[in-house]
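*Asks:* Dropping a structure here in C-alpha cells format, bear with me for questions.
Numbering (our numbering), first residue to last: 6 to 117.
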C-alpha cells in the first residue's frame, strides 16, 4: 500500500471547499427528512430522481471528456494519481455530519 502524502496548501483550500459542500448537503438531507415527516413523497422522489440523473450525466460527461482528451475511457496506470491525504478523504463525511447536526440546532434557517 502506498503511503499517503501530507497536506499541502492547495489541499487545505480543497478541504475547506469540500467541507462546505458537505455542510450544505447535510442541511439539505435534514430538509429531505423534514419533507418525509410531512408525507411529501412526490417532492422527495422528484428530488432524488433529478439528483440521480445529474450524477449519471456527470459521470458520463467525465468519461466522454477523458476519452476525448486521452483517447481511452480509463487512465493508463502510469498516469494514475497518488492517494489523497486522509484529512481530504474525510472532509465530505465530516461536513455532512456537522450539517445535519447544525440543521437540528437552527443553522439551516440561518443559512438557507
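Where a beta carbon is used, it is the ideal one built from N, C-alpha and C, also for glycine.
If you draw a straight line from the alpha carbon of residue 8 to that of residue 93, how long is it in whole angstroms?
*Replies:* Cα to Cα, residue 8 sits roughly 14 angstroms from residue 93.
*Asks:* Taking 8 angstroms as the limit between beta carbons, can you name the residues of its chain near residue 107, skipping five residues before and five after?
*Replies:* Contacts found: 28, 31, 32, 113.
*Asks:* For residue 97, which residues of its own chain have a beta-carbon under 6 angstroms away from its beta-carbon, when the five flanking residues on both sides are left out?
*Replies:* 23, 27.
*Asks:* What residue does the alpha helix (DSSP H) around residue 28 start on, and which one ends it?
*Replies:* 14 to 42 is the extent of the alpha helix (DSSP H) around residue 28.
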